[in-house]
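Undergrad: Here it is, the structure, as C-alpha cells.
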Amino acid sequence: MTSPSANRNRCASRLFVRAGLWLLALFFAAPLGQAVTLVDYGSDWKLWRGRKTPSRPDYWAWTKAAHDDTDWETAPTPVFFGEKVTGGTELEDMKSRYNSFFLRRKFYAPDPDTITSMILRAKVDDGFVAYINGIEVARHNVEIAKPKYSSAASKAASEPLRFRNHALKSPGEFLVEGENTIAVIVLNQRRTSPDALFDARLSVVSVESVPPKVATVDPPAGLASDLGRIRVTFTEPVTGVDAADLLANGVPAQSVEGSGRSWLFQLGSLPQGKVRLHWADDHGITDQAQIPNPFRATAKGNRWSYNHADANPPYVKRTNPPAGLAVKSLDTIEVEFSMDVSGVDAGDMRINGQPAKRMTKISDSRYLFALGQAPGAEVNISWDLYPEITGTNPFKKPFAPLGWFYRVDANAPPPPRIVISEIMYHPIEEP
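So the sequence shown is numbered by my numbering: it starts at 507 and just counts up by one.
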C-alpha cells in the first residue's frame with residue numbers, strides 16, 4: 507500500500523519532469539523560428555550577359571542599389587546553359603563566347619536589428635560572388651578578390667550540383683530596412699565549359715514585433731474605372747492569405763494569387779459608385795517572423811475605398827426609332843446615352859446637316875429631339891462638330907459622337923416590336 511506522502515512525492519516528480527520537458531522544448535524550438543523568404547527560387551532577376559563590362563566608368567556600380575539596370579534583361583532563375591532543368595532562362599549564346607553573367611534583384615527586408623540569421627542558399631556551376639547594396643556577402647569557387655566579366659572560377663563545380671547554404675554574417679553592416687539590392691556575378695572555369703547555372707533563395711529569421719501593414723494598392727485608392735483585379739503589397743512578406751480575406755462592400759474576393767509581399771485579388775464585377783475595401787475579421791494573415799505578428803485589419807492605412815466609375819466617354823446607347831430602320835414618317839428621335847450627361851442642346855443633333863428644332867429632357871440620360879420639318883427619303887443623323895455634351899460621372903469625359911441613318915418610305919412595313927436600337931460604340935484606351 508502506497509502512503510499519501512509517497513503519492514505526493516510522485517506527483518511532484520511528474521510535474522517537475524513535465525515542466526522540464528516543456529522548457530526544454532521551448533529552448534530548442536525558439537531558435538528555429540520561421541524563415542522569411544526575401545528572394546525565392548525561380549524568381550525574376552535582371553540579367554547582363556558577360557560579353558562586356560556591366561557598368562562604366564565605375565565597374566563596381568552594378569553591385570550597388572542605385573545602379574540603373576533598365577537596359578538589363580528580365581530573367582527567371584535558374585539561369586543556365588548545358589544543364590537539364592525545367593523553366594528558367596537558357597543562355598544559348600554563352601558557350602565559347604563569354605565566361606560570365608551578372609544578376610541583380612531588389613528585395614525588401616525587415617529591420618536588420620531584428621534578424622537573428624540570414625542564409626543565401628545557392629546552386630552554382632561553376633562559381634559566384636554575391637553582393638548586397640555593394641558589399642560582398644558570399645562567394646563560392648572564386649579566388650580572385652575582385653572578379654570582373656573576363657574573370658574565371660577557380661575550379662569546376664562538383665557534379666551533381668547541390669544547393670549550399672551560405673550564412674551571411676552581421677546583416678546590419680550591409681542591409682537596410684525596406685528596399686535592398688542583391689547582385690551576383692556567376693563565372694565559369696573556362697569559356698569552353700560545357701555548362702553553367704545559378705539559382706538561389708535568400709531568407710532571414712526575424713524576431714521583430716511590428717505587424718505587417720498594407721504598403722500600396724493598385725489601382726490606388728480614389729477614382730478608378732477597373733476594379734476587376736486589385737494588387738495589394740504589404741510592408742513585408744506575409745503568409746495565410748486567402749481570397750475570402752479581402753472584402754469589397756462586404757463581398758469576398760473570388761480568388762487570390764501571389765507570395766511574399768505582393769498578392770493579386772480577383773474581385774469580379776463591381777457596381778459603380780463607392781466601393782469600400784476591408785478585411786475579414788477572421789483572416790489568418792501574419793508575417794513570417796520567428797514569432798509571427800498578425801496583420802491588423804482595422805489599423806490605419808489597411809482599409810481604403812474607391813469611387814468606381816466608367817472611364818469611357820458617353821455615347822449613344824439606344825435610339826427610338828431604331829437606327830437603320832425604314833419608317834413611314836420621322837418627326838421625333840429619342841436618344842439614350844450610355845450614362846448621365848449634361849450640356850445637351852437641340853442644335854447638337856443634325857438631321858441631314860440641319861439642327862433639330864427642339865429638345866425635351868426625359869431624364870439625365872434620355873432626350874427627345876423634334877425634327878421640325880419633314881425629311882427626305884434618306885435621313886442621316888449626325889452631331890454638331892463641337893457639342894458641349896459631357897458625362898456627369900467623376901471622369902467628366904466629352905461625348906463621343908457617332909451618326910446613324912433612316913430611310914423614310916410611306917410604304918415601309920410596321921416597325922418591329924423592339925423599339926430600341928443600340929448604336930455600336932467600341933471604346934478604346936485613351937492616352
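Glycine residues also receive a C-beta, built at the ideal position from the N, C-alpha and C atoms.
So Thr576 is in the beta strand (DSSP E); what residue range does that whole segment cover?
TA: No residue range can be given for Thr576, since it is assigned to no beta strand (DSSP E) and is classified by DSSP as neither H nor E.
Undergrad: Can you give me the C-alpha to C-alpha distance between Tyr873 and Lys867, rounded to a whole angstrom?
TA: Between the alpha carbons of Tyr873 and Lys867 lies a gap of roughly 5 Å.
Undergrad: Alpha carbon to alpha carbon, what distance is there between Pro666 and Gly684?
TA: One C-alpha to the other measures close to 37 Å.
Undergrad: Where DSSP assigns a beta bridge to Glu740, which residues make up the other side?
TA: Just to set this straight, residue 740 is Phe in the shown sequence, not Glu. Within the DSSP secondary-structure output, Phe740 pairs in a beta bridge with Val720.
Undergrad: Shortest alpha-carbon distance to Trp889 belongs to which of His784, Ala883, Thr898 and Phe911?
TA: Comparing Cα-Cα distances from Trp889 to each of His784, Ala883, Thr898 and Phe911, the minimum goes to Phe911.
Undergrad: Does DSSP put Pro820 in a helix, in a strand, or in coil?
TA: coil
Undergrad: Can you check whether the CB of Leu693 is closer than 8 Å to the CB of Met624?
TA: no
Undergrad: Using a Cβ-Cβ cut-off of 7 Å (strictly less than) and excluding sequence neighbours within five positions of Ser848, which residues of its own chain qualify?
TA: Correct list, in chain order: Thr896 and Thr898.
Undergrad: Measuring straight from C-alpha to C-alpha, what distance separates Phe771 and Arg670?
TA: 35 Å
Undergrad: Roughly how many angstroms separate the alpha carbons of Ala795 and Thr583, rounded to a whole number?
TA: 26 Å
Undergrad: Based on the DSSP secondary-structure assignment, which residues constitute the bridge partners of Asp793?
TA: Val744
Undergrad: Where does Tyr892 sit, in a helix, a strand or coil, going by DSSP?
TA: coil
Undergrad: Are the CB atoms of Ile688 and Val545 nearer to each other than 8 Å?
TA: yes
Undergrad: Got a sec? Which residues, its chain only, sit under 6 Å from Val462 by beta carbon, not counting five neighbours each side?
TA: Because residue 462 is not part of the residues shown, which for the chain are 507 to 937, the question remains open.
Undergrad: Which term fits Leu752, buried or exposed, when burial requires 16 or more other beta carbons within 10 angstroms of its beta carbon?
TA: Taking all protein chains in view, the Cβ of Leu752 is crowded by 16 or more other Cβ atoms within 10 Å, so the residue is classified as buried.
Undergrad: Could you compute how far the alpha carbon of Trp769 sits from the alpha carbon of Val738?
TA: 5 Å
Undergrad: List the residues that DSSP assigns as beta-bridge partners of Met865.
TA: Phe875
Undergrad: Specify, as a first and last residue, the run of the beta strand (DSSP E) that Ile691 falls within.
TA: Gly684 to Leu693
Undergrad: Note the first and the last residue of the continuous beta strand (DSSP E) segment covering Leu708.
TA: Ala702 to Ser712
Undergrad: State buried or exposed for Asn917, treating a residue as buried only when at least 16 other CB atoms are found within 10 Å of its CB.
TA: exposed
Undergrad: Can you check which of these residues, Gln760, Gly678, Gly807 and Asp870, is closest to Ala750 by C-alpha distance?
TA: Gln760
Undergrad: Output needed for Leu538: all residues of its chain with C-beta closer than 6 Å, excluding positions within five of it in sequence on either side, in chain order.
TA: Caution applies to Leu538, whose pLDDT of 42 falls short of 50 and renders its modelled position unreliable; the value that the coordinates give is listed next. No residues qualify anywhere along the chain.
Undergrad: List in chain order: all unbroken beta strand (DSSP E) runs of 3+ residues lying wholly within the stretch 612-653.
TA: 621-631, 633-638 and 641-646
Undergrad: Which same chain residues end up closer than 6 Å to Gln718 when comparing Cβ atoms and leaving out the 5 residues on each side of it in sequence?
TA: Per the sequence presented here, residue 718 reads as Pro, with Gln not at that position. Contacts found: Phe740, Thr741, Glu742, Val744, Asp793 and Phe801.
Undergrad: Could you pull the DSSP bridge partners for Asn813 from this structure?
TA: In DSSP, Asn813 forms a bridge with Leu729 and Lys780.
Undergrad: In the DSSP output, what is Leu752 paired with across the bridge?
TA: Within the DSSP bridge table, the entry for Leu752 names Trp785 as partners.
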